[in-house]
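Keeping their order, the protein sequence lines are chains A and B.
In this text, residue positions in the first sequence follow numbering that gives the first Met the number 0: the first is 0, and each later residue adds one.
In this text, residue positions in the second sequence follow numbering that gives the first Met the number 0: the first is 0, and each later residue adds one.
Here is the structure we will look at, set down as structure tokens.
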Amino acid sequence: MLFVLALSAYVTGFFGYLGYLIFHQEIYHKVGHYFFVLGLGIQTFVLLSSFMVTGIMPVENLRETLCFTAWAIALIYVGFNLRFRLMVLGAFVAPLVCGIMIASSLFSGSSAVSPDLLKGVWTFVHITAIFLGDGAFILAACVGIIYLMQERAIKKKQHGFIYHRLPSLEVLDKMGYACVAFGFPMLTFGMIAGFIYAQSVWGKWWSWDPKELWSVVTWLFYAALLHERLTVGWRGKRAAVMAIIGLAVVLITFGVNFFLLGHHTQFTKF
Amino acid sequence: MDIVLVGLNHKTAPVDIRECFAFDSLEADAGLKELSRIPELTEAVLISTCNRVEVAAACQDPDEGVSAIKDFFSRTKSMPLENFEQNLFVYKGDEAVQHVFRVASSLDSMVLGEPQILGQMKESYRLATQAKTTGAVLNRLMHRCFMTAKRVRKETGIGDHAVSISYAAVELARKIFGELTDKKVLLIGAGEMAELAVEHLLNHRAAGVFVANRTFERAVSLAQRFRGTPIRLEEVEEHLKIADIIISSTGAPGYVLEKKDVKKVLRARKNRPLFFIDIAVPRDIDPAINNLSNNFVYDIDDLQGVIDRNIDERQKEAVRAERIVDENVIKYRTWLEGLDIVPTIVSLQKKLEAIRQTEMAKTLAHVSGLDENGKEAIDRLTQSIINKVMHDPIQFLKAGGHREKQKKEVLGFTRDIFNLNNSQNGDNFTPDEE
Numbered sequence: 000m001l002f003v004l005a006l007s008a009y010v011t012g013f014f015g016y017l018g019y020l021i022f023h024q025e026i027y028h029k030v031g032h033y034f035f036v037l038g039l040g041i042q043t044f045v046l047l048s049s050f051m052v053t054g055i056m057p058v059e060n061l062r063e064t065l066c067f068t069a070w071a072i073a074l075i076y077v078g079f080n081l082r083f084r085l086m087v088l089g090a091f092v093a094p095l096v097c098g099i100m101i102a103s104s105l106f107s108g109s110s111a112v113s114p115d116l117l118k119g120v121w122t123f124v125h126i127t128a129i130f131l132g133d134g135a136f137i138l139a140a141c142v143g144i145i146y147l148m149q150e151r152a153i154k155k156k157q158h159g160f161i162y163h164r165l166p167s168l169e170v171l172d173k174m175g176y177a178c179v180a181f182g183f184p185m186l187t188f189g190m191i192a193g194f195i196y197a198q199s200v201w202g203k204w205w206s207w208d209p210k211e212l213w214s215v216v217t218w219l220f221y222a223a224l225l226h227e228r229l230t231v232g233w234r235g236k237r238a239a240v241m242a243i244i245g246l247a248v249v250l251i252t253f254g255v256n257f258f259l260l261g262h263h264t265q266f267t268k269f
Numbered sequence: 000m001d002i003v004l005v006g007l008n009h010k011t012a013p014v015d016i017r018e019c020f021a022f023d024s025l026e027a028d029a030g031l032k033e034l035s036r037i038p039e040l041t042e043a044v045l046i047s048t049c050n051r052v053e054v055a056a057a058c059q060d061p062d063e064g065v066s067a068i069k070d071f072f073s074r075t076k077s078m079p080l081e082n083f084e085q086n087l088f089v090y091k092g093d094e095a096v097q098h099v100f101r102v103a104s105s106l107d108s109m110v111l112g113e114p115q116i117l118g119q120m121k122e123s124y125r126l127a128t129q130a131k132t133t134g135a136v137l138n139r140l141m142h143r144c145f146m147t148a149k150r151v152r153k154e155t156g157i158g159d160h161a162v163s164i165s166y167a168a169v170e171l172a173r174k175i176f177g178e179l180t181d182k183k184v185l186l187i188g189a190g191e192m193a194e195l196a197v198e199h200l201l202n203h204r205a206a207g208v209f210v211a212n213r214t215f216e217r218a219v220s221l222a223q224r225f226r227g228t229p230i231r232l233e234e235v236e237e238h239l240k241i242a243d244i245i246i247s248s249t250g251a252p253g254y255v256l257e258k259k260d261v262k263k264v265l266r267a268r269k270n271r272p273l274f275f276i277d278i279a280v281p282r283d284i285d286p287a288i289n290n291l292s293n294n295f296v297y298d299i300d301d302l303q304g305v306i307d308r309n310i311d312e313r314q315k316e317a318v319r320a321e322r323i324v325d326e327n328v329i330k331y332r333t334w335l336e337g338l339d340i341v342p343t344i345v346s347l348q349k350k351l352e353a354i355r356q357t358e359m360a361k362t363l364a365h366v367s368g369l370d371e372n373g374k375e376a377i378d379r380l381t382q383s384i385i386n387k388v389m390h391d392p393i394q395f396l397k398a399g400g401h402r403e404k405q406k407k408e409v410l411g412f413t414r415d416i417f418n419l420n421n422s423q424n425g426d427n428f429t430p431d432e433e
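See below:
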């Protein structure tokens, strides 16, 4: 019930953002944003209350995992937009959140994990940090797409619908960077928590699990991206393209258990 | 009461005639005093900008009002009427109101949507109120026109998007850099358009200017004007490392900056974006630079293309603006018509109320043995008789189905049969502001 409520708030928010994009009137954005934040509030309440009652992180199966992903993206978006106020971004992020929410409802909610695995402070830190980090990377990719659209409009000198509505390249670039700069320490932190957790449960830090491997690939990728930006100034188009490629790596890491088994498999069972 | 407007603008009169007719603020003051002495005009406003000279006036007879204004122009500017009569436009009634609203909303401007005209209209109105040449009709008209103009600006995109080369350059710079506060400008060469662009960039708080010129003296004097730094032409490449916006306008036959020159500095700039504005013909900046990542080149044709599209945009918005204007013209007309009817109704009400009070007093003085209840009942009875009697005539007046001319007749007839013209009631009626 609350899930439907949260989803409808997100969808309403999406239409508000879309209205703003098309008609360019602030009121649409305002109303849309209220609804989106409302959706986030409801979902936060749902997640928090279920966690409080059971003490289990709500990633027991693919359904819950996707829900949690949508929540992380929504939270990161709302949080970052407090600072950057990219009014058009909602029209890009909201459909993503709605899509993931709807996709999650297609899967059954039967639990595949022994609940004990999902208890304890290290799991909490591990899962929360990783998902928030991934949310930030996804947002960075969204911003990257918008950057490429705007850059193309300016380079090709086609100042149409897109050009007038999108913000300046500088703001987009800064926001993309801020997302990566936030996501990377989150990922690092989450991975460390994961190692500690693995040590405490299975008695070893590292077990060549495909998800662990890809996490390291993701980590290396974003580490390289940040390093290049700070030293030679990978910015603008290249940074945007890399953020989008980064999203692909994140998605592989997320979906690797569909093809290869490992101890993360049960979380993506459906 | 009718509104007329006589004037000339950039569409009807060539610049030499407009020059002759322009009023500066001193002349405008004298002109307004002159207008206030014309008996045919009850109220007047004089609007004078570089593109237009117009007199809007309220008068009893529109034709007399128009010829009085024409006469005023001819007298104050000492020019025989036949020399400029073909340049004048004349509007009466709704058309005059619509024209004033359109002018204030910048729909009648040479550059559609330019923002200065509203300020100029306000100044004209200020002068008119100082000279006390306005009354209820024109005060309302001017307030309504300011309101309409503001609404047009707020609800349509008529003022959006640059329509001059220099503003288009600033707008683009802001799309690339966002805020310009820490961005430095490099001006190569000189020229009116380039200098204007630099000025606009500085107005948008660009951080500083380097000026390069073939003759160093010229660079020094230009740099002084912009409080910038003069540099030699040979130093341009070096300054590409610091500058962010390059405006080039030299008479050089070939490219002043080539792709390889820019490529060299990219690393030192840590790939921070560079925006080249090439105003020169033949071009100064190698267009291939546009293919470099984070580098943007706009030449004069690109900018002109941007402007052309922006003008199209504004014209599209103008359609919506015209709708807002028309809506307000109708509102104003409704008010103006009410202005004629309302005093009639008010004096009618006052007259009947006066009769009622006198007759009540007479009757009550002769009748004894009435308690408070009885007195109140008589009061209510007489009141409701008056209301019932007045109801249909008032409805008839208010219905407004009559044409302008008929309306005057209807109002005159009503005043005659009730003998309202001789009574003092309602003569100093002033309509409330909405």
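All C-beta atoms in this analysis are idealised placements derived from N, C-alpha and C, irrespective of residue type, glycine included.
Could you please give me the residues that DSSP links to residue i through a beta bridge?
i	result
B/T48	B/R51
B/V296	B/F275
B/V164	Checking the sequence shown, residue 164 of chain B turns out to be Ile, not Val. B/I164 is not bridged to any residue.
B/F209	B/L185, B/T228
B/I470	Absent from the model: residue 470 of chain B. The displayed extent of chain B is 0 to 433, so no value can be given.
B/A57	B/I2, B/E42
Can you check whether the CB of residue j is closer than 8 angstroms to the CB of residue i?
i	j	result
B/F100	B/C144	yes
A/T217	A/L246	no
B/L34	B/L40	yes
B/T75	B/Q119	no
A/Y76	A/L138	yes
B/A211	B/R231	yes
B/F88	B/L7	yes
B/V197	B/L179	no
A/H28	A/G40	no
B/A55	B/L106	no
Distance cutoff 8 angstroms, beta carbons only. Does residue i sit that close to anything in chain A?
i	result
B/V305	yes
B/D301	yes
B/P286	no
B/F83	no
B/S292	yes
B/K263	no
B/N289	yes
B/K269	yes
B/V280	no
B/F295	yes
B/R308	yes
B/R204	no
B/R266	yes
B/P272	yes
Where do the ends of the alpha helix (DSSP H) carrying residue i lie?
i	result
B/Y90	Element bounds for B/Y90: not the alpha helix (DSSP H) but the beta strand (DSSP E), 88-91.
B/N202	191-202
B/S66	61-75
A/I26	25-53
B/E39	Neither: B/E39 is in no alpha helix (DSSP H) and is coded neither H nor E.
A/K156	Segment: none, A/K156 is in no alpha helix (DSSP H) and carries neither H nor E.
A/F188	168-201
B/E26	24-35
B/I241	B/I241 -> no alpha helix (DSSP H), and no H or E assigned at all.
A/M100	89-104
B/M146	135-154
B/I157	It is not in any alpha helix (DSSP H) - B/I157 carries neither H nor E in the DSSP assignment.
A/R234	Here A/R234 belongs to no alpha helix (DSSP H), and DSSP marks it neither H nor E.
B/S383	371-398
Would residue i count as contacting chain B if we go by Cβ distances under 8 angstroms?
i	result
A/V170	yes
A/S167	yes
Tell me the residue span of the beta strand (DSSP E) that contains residue i.
i	result
B/G6	1-8
B/S248	244-248
Taking only beta carbons into account, state which residues of the stretch 5-29 of chain A come closer than 7 angstroms to chain B, listed in chain order. Answer set for the stretch 5-29 of chain A: empty.
Taking only beta carbons into account, state which residues of the stretch 225-248 of chain A come closer than 8 angstroms to chain B, listed in chain order. Those residues of the stretch 225-248 of chain A that come within reach of chain B (Cβ to Cβ, closer than 8 angstroms) are V231, G232, W233, R234, G235, K236, R237.
The stretch 164-191 of chain B: positions lying closer than 8 angstroms to chain A by Cβ: Cβ contacts with chain A: L171, R173, K174, I175, F176, G177, E178.
Can you give me, in chain order, the residues of the stretch 140-157 of chain A that have a beta carbon less than 8 angstroms from any beta carbon in chain B? Result list: Q149, I153, K154, K156.
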